[in-house]
Amino acid sequence: MISYLNGKVQLIRDNWVIIETGGVGYRVNIGPHFLSKLHKDENTELYIYTQVREDILALYGFEKVEELDFFELLISVSGIGPKAALGIMAVASIDKLRSSIVNQDPTLLSSVSGIGKKTAEKVVIELRNKVGATGSLFDSKTEKAEDVFAALLQLGFKPQEIQAAIAELPPDCLTTESRLKYCLSSLNKG
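Take 3 as the starting number for the sequence shown in the working numbering and just add one per residue.
In structure tokens:
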């Protein structure tokens, strides 16, 4: 599998580029935001998702590993293929998309061409507990707070309230139990 390319931009089209590396040109599908940053004959590096099917071998390129991770989360949802995932990622930043999913608001997703209301709702339902896995919901000091987030969500607290409580966790809260107690205490005061 091709996972990374570093080479010279040989050709730029509407939604793909050819990257030459080691004498070989690779056609890579790219979203509009990253595409606007590329210039012919300049070197670039891309993190690659390789789609392999019986009838297709396609490469999808991303500027950052975080974008590749989010793309892979999107295509894990039945009914969302690589092209639809690129379309979703083109409408807003990853942080806005994650926020939309965590807040269980499919409006932003359903604004994408080819993504209907039911598909947008399906994405929200399937990914609402997974979007923290790529790092945006929790900073490094609270990166292991996903269990606490899920537990508090099940107890009926709103995602924004939970995120605020998790952000205030003191450094000495190292276990899931102590984090949960602290957050419950904080949420019940408010």
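From the three backbone atoms N, C-alpha and C, an ideal C-beta is built for every residue, glycine too. For clarity, every value in this text was computed on a predicted model and none was experimentally measured.
Opposing strand residues paired with residue i [DSSP bridges]
i	result
F64	Y49
T23	V26
R55	I58
G9	T46
N31	W18, Y62
Residue range of the unbroken alpha helix (DSSP H) whose run includes residue i
i	result
Q156	148 to 156
T121	119 to 129
I4	Where I4 is concerned, there is no enclosing alpha helix (DSSP H), given that its DSSP letter is neither H nor E.
V93	84 to 93
S187	178 to 191
L110	109 to 112
P161	161 to 169
V104	96 to 104
Buried/exposed call for residue i, threshold 16 Cβ in 10 Å
i	result
Q165	buried
P172	exposed
T144	Confidence at T144 is low in this model, with a pLDDT of 39, below 50, so the placement of that residue should be treated as unreliable; the coordinate-derived value is given next. That one is buried.
R55	exposed
G158	exposed
P34	exposed
E44	exposed
G116	exposed
M3	exposed
Nearest-angstrom beta carbon gap, residue j and residue i [assumed within contact, 8 Å]
i	j	result
S112	K119	5 Å
V125	I103	7 Å
L40	V19	6 Å
T52	V11	With a Cβ gap of about 19 Å, T52 and V11 do not count as contacting.
P62	L88	First, the amino acid is wrong: residue 62 is Tyr here, not Pro. Yes, Y62 and L88 are in contact; Cβ-Cβ is about 7 Å, under 8 Å.
Cβ of residue i within 8 Å of any chain B Cβ
i	result
D16	Looking at the structure shown, chain B is missing, and only one protein chain is on hand.
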